[in-house]
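Enquirer: After the structure tokens below, expect a handful of questions from me.
There are 2 protein chains.
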Amino acid sequence: MASPELDALTQALARLPGLGPRSARRAVLHLVKKREGTLEPLLKALEAVSEKLSTCSICGNVDTADPCGICTDPRRDDSAICVVEEVADLWALDRSKLFSGRFHVLGGRLSALDGVRPEDLSIDQLVARIEKGGVDEVVLAMNATLEGQTTAHYLAEQLETFPLRITQLAHGLPVGGELDYLDEGTLAQALRARRPVA
Amino acid sequence: MASPELDALTQALARLPGLGPRSARRAVLHLVKKREGTLEPLLKALEAVSEKLSTCSICGNVDTADPCGICTDPRRDDSAICVVEEVADLWALDRSKLFSGRFHVLGGRLSALDGVRPEDLSIDQLVARIEKGGVDEVVLAMNATLEGQTTAHYLAEQLETFPLRITQLAHGLPVGGELDYLDEGTLAQALRARRPVA
Ligand SMILES: [Zn+2]
Ligand SMILES: [Zn+2]
Chain A
1 MASPELDALT QALARLPGLG PRSARRAVLH LVKKREGTLE PLLKALEAVS EKLSTCSICG
61 NVDTADPCGI CTDPRRDDSA ICVVEEVADL WALDRSKLFS GRFHVLGGRL SALDGVRPED
121 LSIDQLVARI EKGGVDEVVL AMNATLEGQT TAHYLAEQLE TFPLRITQLA HGLPVGGELD
181 YLDEGTLAQA LRARRPVA
Chain B
199 MASPELDALT QALARLPGLG PRSARRAVLH LVKKREGTLE PLLKALEAVS EKLSTCSICG
259 NVDTADPCGI CTDPRRDDSA ICVVEEVADL WALDRSKLFS GRFHVLGGRL SALDGVRPED
319 LSIDQLVARI EKGGVDEVVL AMNATLEGQT TAHYLAEQLE TFPLRITQLA HGLPVGGELD
379 YLDEGTLAQA LRARRPVA
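Residue numbers (the working numbering), protein chains in the order written: chain A, 1 to 198; chain B, 199 to 396.
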């Protein structure tokens, strides 16, 4: 593989999670050998995504439409908002099909270490959504990390003046566990047993 | 991930070896979150490869130039041709940097079961390359499978009228082993101990 184009493709693929340099080489070979069936569809899919990708102006999800498919889905319940740290967490919960309300992506977690302050997260946008009315429950689905829990407590304080049920995912999640790595069973249990924030 | 574009991208990635549906979803998320650093380079790399990909008219390698980088490399030795079944085998041997001659890709192996006959492989092209002169050695680097060895013996017969050293990779390869799955140490040993075909 002396060709600079094939090298560049191998390197681009090797940057994906789950693919090291060796499997990236095998993937390139596969793409090259089954060009019509694999390379062209992947290229078209990437082009379509690249062209349409946008951040949802309502919830912060990343999708190929703005507002995103979740915010515009008429079957979803407007009265509950599940707040997550990252888009990955939204996707993990959405895949589990356990929560039928709307979502809100904070864009991170409060962190003294990383210098992440409340104004760095989309907290104002969350408050604005709640001020519009119609929301009965906010589920705080932060990671079970110190920073995630600090963020949940901060949010609970900010929202305490609203007539809302504020809940958080039941603990029992593995300590230090990142939401989007959990299996659906653990997620389901944590969501079903969600409880009001003290 | 309700969006059809993101679903299509996930499915296209899940078809790559080494990526299942779950890791494809994580890869899509990674591409979407680190758009500038990952999605755009991957898209550009795929476009470049898709645009330039061709099969080498001399050796059958797949590359972004025709003739390929190996056939046009002036540092390589014209007097030795290593014959392989598939492009994957050529890449595996080339990566090992153990063979400094040219290559020839047959495009498969003789197989009664799969109905692959000599005229389905690029044997005529190999003979034509040898007839041009200047070739002293042909290394038959077929897989250590029954069909691979049948193919090697057939080729040795076809080439016996030429003033050539015909060698094949030393056995000691794992029985049934596919060349491009072997580690470089095994490949190196097999190549170093290559012997004339009886
Ligand atoms: Zn949205
Ligand atoms: Zn070539």
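For each residue, glycine too, the CB sits at the ideal point set by N, CA and C.
Answer yes or no: the CB of A:Gly20 versus the heavy atoms of ligand 1, is any distance below 8 Å?
Expert: Not so, every heavy atom of ligand 1 lies at least 8 Å from the Cβ.
Enquirer: Is B:Asp205 near ligand 1 - that is, is its Cβ less than 8 Å away from at least one heavy atom of it?
Expert: No - ligand 1 has no heavy atom lying nearer than 8 Å to the Cβ of B:Asp205.
Enquirer: Compute the Euclidean distance between the alpha carbons of B:Asn259 and A:Gln125, then round it to the nearest angstrom.
Expert: So the alpha carbons of these two residues sit roughly 55 Å apart.
Enquirer: Could you list which residues in chain A have their beta carbon closer than 9 Å to that of B:Thr349, in chain order?
Expert: None at all; the shortest Cβ gap to chain A is about 19 Å.
Enquirer: Excluding five sequence neighbours on each side, which residues of the same chain lie with their C-beta closer than 6 Å to the C-beta of A:Thr55?
Expert: Once the five neighbours on either side are set aside, the close Cβ partners of A:Thr55 are Val62.
Enquirer: Let me know if A:Leu113 comes out buried or exposed under the rule of 16 or more other beta-carbons within 10 Å of its beta-carbon.
Expert: By the neighbour-count rule (16 or more Cβ atoms within 10 Å), A:Leu113 is not buried but exposed.
Enquirer: Using a Cβ cut-off of 9 Å (strictly closer), state whether B:His228 contacts chain A.
Expert: Closer than 9 Å to some Cβ of chain A, the Cβ of B:His228 qualifies, so yes.
Enquirer: Please classify A:Arg22 as buried or exposed, where buried requires at least 16 other C-beta atoms within 10 Å of its C-beta.
Expert: Under this definition A:Arg22 is an exposed residue.
Enquirer: My output table needs one value for A:Asp124: the three-state DSSP class, helix, strand or coil.
Expert: Here A:Asp124 sits in helix by DSSP.
Enquirer: Taking 8 Å as the cut-off, does the CB of A:Cys82 come closer than this to any heavy atom belonging to ligand 1?
Expert: Answer for A:Cys82: no, Cβ out of range of ligand 1.
Enquirer: Once the 5 residues before and after A:Leu93 are set aside, which same chain residues still bring their CB inside 8 Å of it?
Expert: So the list reads Cys82, Val84, Phe99, Phe103, Ala141, Leu179, Leu187 and Leu191, once near-sequence residues are dropped.
Enquirer: Between which two residues does the alpha helix (DSSP H) harbouring A:Ser79 extend?
Expert: Not the alpha helix (DSSP H): A:Ser79 falls in the beta strand (DSSP E), residues Asp77 to Val84.
Enquirer: Going by alpha carbons, who is nearest to B:Arg213 out of A:Glu86, A:Leu29, A:Thr151 and A:Thr167?
Expert: Checked all of A:Glu86, A:Leu29, A:Thr151 and A:Thr167; the closest Cα to B:Arg213 is A:Leu29.
Enquirer: Please state the DSSP three-state secondary structure of B:Ile328.
Expert: B:Ile328 falls in the helix class under three-state DSSP.
Enquirer: Between A:Thr161, A:Glu51, A:Gly134 and A:Leu155, which has its C-alpha nearest A:Gly101's C-alpha?
Expert: Ranking the options by Cα distance to A:Gly101, first place goes to A:Gly134.
Enquirer: I need the boundaries of the alpha helix (DSSP H) containing B:Val336, first residue and last residue.
Expert: No alpha helix (DSSP H) contains B:Val336, which is instead part of the beta strand (DSSP E) from Glu335 to Leu338.
Enquirer: Near B:Ser255, what residues of its chain come up, given a Cβ to Cβ distance below 8 Å and the 5 sequence neighbours on each side ignored?
Expert: Closer than 8 Å at the Cβ level, and outside the excluded window around B:Ser255, lie Asp264 and Pro265.
Enquirer: Apart from the five residues on each side of it in sequence, which residues of its chain come closer than 6 Å, Cβ to Cβ, to A:Gly69?
Expert: Around A:Gly69: Asp63.
Enquirer: Within 8 Å: the Cβ of A:Phe103 and any heavy atom of ligand 1?
Expert: Indeed, a heavy atom of ligand 1 lies less than 8 Å from the Cβ.
Enquirer: Using a Cβ-Cβ cut-off of less than 9 Å, give me the residues of the segment 228-254 of chain B that come near chain A, in sequence order.
Expert: Under the 9 Å Cβ criterion, the segment 228-254 of chain B contributes His228, Leu229, Val230, Lys231, Lys232, Arg233, Gly235, Thr236, Leu237, Glu238, Pro239, Leu240, Leu241, Lys242, Ala243, Leu244, Glu245, Ala246, Val247, Ser248, Glu249, Lys250 and Leu251.
Enquirer: Does any CB atom of chain B fall closer than 9 Å to the CB of A:Arg95?
Expert: Closer than 9 Å: yes.
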